[in-house]
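Participant: Sharing a structure with you now.
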Amino acid sequence: MKNLLSIEELSAEAILAILSLGHKMKAERGRGTQFPLAGQTWALIFSKSSTRTRVSFETGIGELGGRPMFLSTRDIQLGRGEPIEDTARVLGRMIHGAVIRTYGQNEVELFARYSELPTINALTDDEHPCQILADLLTIEELYGVGSWRKMKIAFMGDGDNNMAHSWLWAAKRLGFRIAIGGPEKYLPSAEYRARLDYDGALFTADAAEAVEGAMVVNTDTWVSMGQESEKSVRESHFLPYQVNDALLKHAAPGHSVFHCLPAYRGMEITAETLERFAPAIFTEAENRLHVQKAVLATLAQPLK
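Structure below.
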């Protein structure tokens, strides 16, 4: 494993290895004796604003012995039109790895190709692999290692966004059931479903059907960065898919609710529901640190 560009590109074995190391990283935090990033500088190249992603990666790189360098695209030539290929070739001669949070998946892939550095997708419009790995780690903490194998997991809202895509590929790679519930026009296209080619995935405009028997009900903001002009239209379309007490009556006994945050109370999730499931949701947020440290350690290359 040279890069983490998407869940789609990961094997089941790679996912399981990251989860296992993530548990170890969490248990040993503050008592670690190995620092695989010692002497290394890793760049965080962000086109999109962030709280959890930036803090967890900067902290994780530091705890593994490395030096994080935050580069907003507003502060580097990439933001003034320099091709990603040129930025990548320059940084590839100076740093040791990169974490990229941006809009286009092609930007992350081009950077990895031209820099020849270990590259991590910290979120694009297509996928959010680090969040899904953190969610799987959280499920294992709540229900046991490998417990997702016997679960149905539901994702509610925009079924064609980066979170839904990453959940779908995780389900296919690991073999668990996944339901995507949202308005018909916001579900993945027929072409995307054909590429996924997974019988364990349910796509439905019926919110109750999506949540029926689910052990984990997952949601996300209805308006992602770059979609602000669609806010009122999206809110009207997605309101029937709000995660609330009425919807959760269809979920499995002992279910949990996940949210990748930030959460907009009264929109995709009610305030009461978020607070009731806050222990799981904020453990999920914390686990970004531990699973990303596992990814960083896996990708780390010896100093030349």
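Under the working numbering, the first residue of the sequence shown carries the number 2, and numbering increases by one thereafter.
Every residue, glycine too, gets a C-beta built ideally from N, C-alpha and C.
Starting from residue 162, trace the beta strand (DSSP E) in both directions and tell me its first and last residue.
Facilitator: In the sequence shown, residue 162 corresponds to position 161, counting from 1. It is not in any beta strand (DSSP E) - residue 162 carries neither H nor E in the DSSP assignment.
Participant: For residue 40, tell me which candidate among 125, 67, 16 has the shortest Cα-Cα distance.
Facilitator: For the purposes of this step, residue 40 is identified with residue 39 of the sequence shown, where counting begins at 1. Closest option to residue 40, Cα to Cα, is 67.
Participant: Taking all protein chains shown into account, decide if residue 52 is buried (16 or more other Cβ within 10 angstroms of its Cβ) or exposed.
Facilitator: Taking the first residue of the sequence shown as position 1, residue 52 is located at position 51. Exposed.
Participant: Assign residue 270 to one of three DSSP states: helix, strand, or coil.
Facilitator: Position 269 of the sequence shown, counted from the first residue, corresponds to residue 270. Residue 270: strand per DSSP, three-state reduction.
Participant: Taking C-beta to C-beta, are residue 59 and residue 72 nearer than 8 Å?
Facilitator: To locate residue 59, count along the sequence shown from 1; it is residue 58. To locate residue 72, count along the sequence shown from 1; it is residue 71. No; because the gap between Cβ atoms is not below 8 Å, this pair is not in contact.
Participant: What residue range does the beta strand (DSSP E) around residue 258 cover?
Facilitator: By 1-based counting over the sequence shown, the position of residue 258 is 257. Following the DSSP letters along the chain, one finds residue 258 inside the beta strand (DSSP E) bounded by residues 257 to 260.
Participant: Pick from 253, 231, 294: whose alpha carbon is nearest that of residue 63?
Facilitator: Position 62 of the sequence shown, counted from the first residue, corresponds to residue 63. Among 253, 231, 294, the Cα nearest to that of residue 63 belongs to 294.
Participant: Tell me residue 73's beta-bridge partners as DSSP assigns them.
Facilitator: Numbered from 1 along the sequence shown, position 72 holds the residue referred to as residue 73. 47, per the DSSP bridge assignment.
Participant: Any idea what DSSP makes of residue 178, helix, strand or coil?
Facilitator: To locate residue 178, count along the sequence shown from 1; it is residue 177. Here residue 178 sits in strand by DSSP.
Participant: For residue 97 and residue 42, what's the separation of their Cα atoms in angstroms?
Facilitator: The residue given as residue 97 occupies position 96 in the sequence shown. The residue given as residue 42 occupies position 41 in the sequence shown. Cα to Cα, residue 97 sits roughly 6 Å from residue 42.
Participant: Please go through the same chain and pick out, in chain order, the residues whose beta-carbon is closer than 7 Å to the beta-carbon of residue 140, but skip the five residues on each side of it.
Facilitator: Indexing the sequence shown from 1 puts residue 140 at position 139. If we look at residue 140 and ignore the five residues flanking it on each side, its Cβ neighbours are 148, 149, 217.
Participant: When burial is assigned at 16 or more other CB atoms within 10 Å of the CB, is residue 190 buried or exposed?
Facilitator: Position 189 of the sequence shown, counted from the start, is the residue given in the question as residue 190. So residue 190 ends up on the exposed side.
Participant: On the DSSP letters alone, give me the boundaries of the alpha helix (DSSP H) that residue 1 sits inside.
Facilitator: This structure leaves residue 1 out entirely; the chain is present only between 2 and 305.
Participant: Using only CA atoms, which one of 267, 299, 174 lies nearest to residue 11?
Facilitator: Here residue 11 corresponds to residue number 10 of the sequence shown, with the count starting at 1. Answer by Cα proximity: 174.
Participant: Taking DSSP's pairing of strands, which residues face residue 195 in a bridge?
Facilitator: Here the question's residue 195 lines up with position 194 in the sequence shown. Its beta-bridge partners do not exist; DSSP assigns none.
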